[in-house]
Amino acid sequence: GYREDLIAAAEYFAEEDGSCPEPASITAVELRGFLSALHEAGFAKTSIARKLASLRSFYKYGQREGWAASNPAKALRNPRKGRSLPHFLTTEEIGKLLSAPPAGSPMGLRDRAMLETMYSAGLRVSELVGLSDGDVDLPQGVLLVRGKGRKERISPLGSYATRALIAWRKVRVVAKGESAGRETPVFTNRFGTRLTTRSVGRMLEKYLAETALDQRTSPHTLRHSFATHLLDRGADI
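Numbering (the working numbering) for the sequence shown: 25 to 261.
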């Protein structure tokens, strides 16, 4: 269990920063971000408390061994009781949602590519609509993502998302008078201009109604679900 907890933390930091940083360089604020991600992913408070205890023990060991100057986990409190947790989708529900957009129309191909990319890379909606062609490396299966505060990170793309993006690019419309280039929006509307976050929200509402999935689901739910499934995979290693 101790090993699984540390793997979960390592995978979280690797996803946030593009590679796992040296443990001694991680701050209490960054560890608090990891705990917040666990809350958002729907982990039980007992599981979160156990992971925090594992981190405290890990850094206490590091202090004894001389590679950690302090214990950043020591100042963090265990999760409070009674806090409600966000909604997230199961793997089966995710599969149902991702297969909802029709593959026989350009907009259906676009919507499938958006959902696959958002889930596969764990993107916020603002990060999704902000993607340009220069941010996408399909041969390597990675994205350059600009998050809050323009902080950049590298996020991996799964094979389904990569294939969906390739299919969408073949039919994508670029705004009149413009040619495709590094600054071309990855996801465009019918007129070839960049989508808005509200457009993504309306798209999701449409497919939720068609698939009869929980209406509490929001674009951010895919990010919660990504974190849940990512951490579950870490626990299985």
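No residue lacks a Cβ here, since even glycine has one placed at the ideal position from N, Cα and C.
Contacts around residue i, its chain only, beta-carbon distance under 6 angstroms, and the 5 residues preceding and following it disregarded
i	result
Met227	Asp135
Trp192	Leu133, Arg134, Ala137
Lys69	Pro103
Gly86	Ala92
Member of the options whose CA lies at the smallest distance from the CA of residue i
i	options	result
Ser265	Gly165, Arg101, Lys84	A query on residue 265 cannot be resolved here, the shown segment of the chain reaching from 25 to 261 and no further.
Ser81	Met142, Pro47, Pro125, Ser223	Pro47
Ile178	Leu59, Phe211, Gly25, Glu39	Glu39
Asn213	Leu162, Val195, Ile31	Val195
Ala127	Glu54, Leu189, Lys200, Ser71	Leu189
Ile72	Gly25, Arg148, Leu219	Gly25
Pro180	Gly90, Leu113, Glu229, Met142	Met142
Sequence-distant residues of its chain with Cβ nearer than 7 angstroms to residue i (five each side left out)
i	result
Ala77	none
Val210	Leu155, Ser156, Asp157, Val160
Thr235	Lys120, Leu121, Ala124
Leu162	Thr186, Leu189, Ile190
Pro130	Val195
Cys44	Ala34, Phe37, Ala38
Gly182	Ser144
Cβ pair residue i, residue j closer than 8 angstroms
i	j	result
Arg206	Gly158	yes
Thr221	Ser150	yes
Val224	Val160	no
Leu100	Ala34	no
Val198	Thr186	no
Tyr83	Glu140	no
Gly79	Leu55	It is worth fixing the name first, because residue 79 is Leu in this sequence and not Gly. The answer is yes: Cβ separation under 8 angstroms.
Reduced DSSP category for residue i - H, G, I as helix; E, B as strand; rest coil
i	result
Leu113	coil
Arg174	helix
Thr221	helix
Thr208	coil
Pro180	strand
Val198	coil
Ser156	strand
Leu168	strand
Cβ neighbours of residue i in the same chain (closer than 8 angstroms, five flanking residues each side left out)
i	result
Glu176	Leu168, Val169, Arg170
Ile50	Phe37, Pro96
Arg88	none
- Item | the region 117-131 / the region 63-76 touching (three or more Cβ pairs under 8 angstroms) | The region 117-131, when compared against the region 63-76, does not touch it at the 8 angstroms Cβ threshold.
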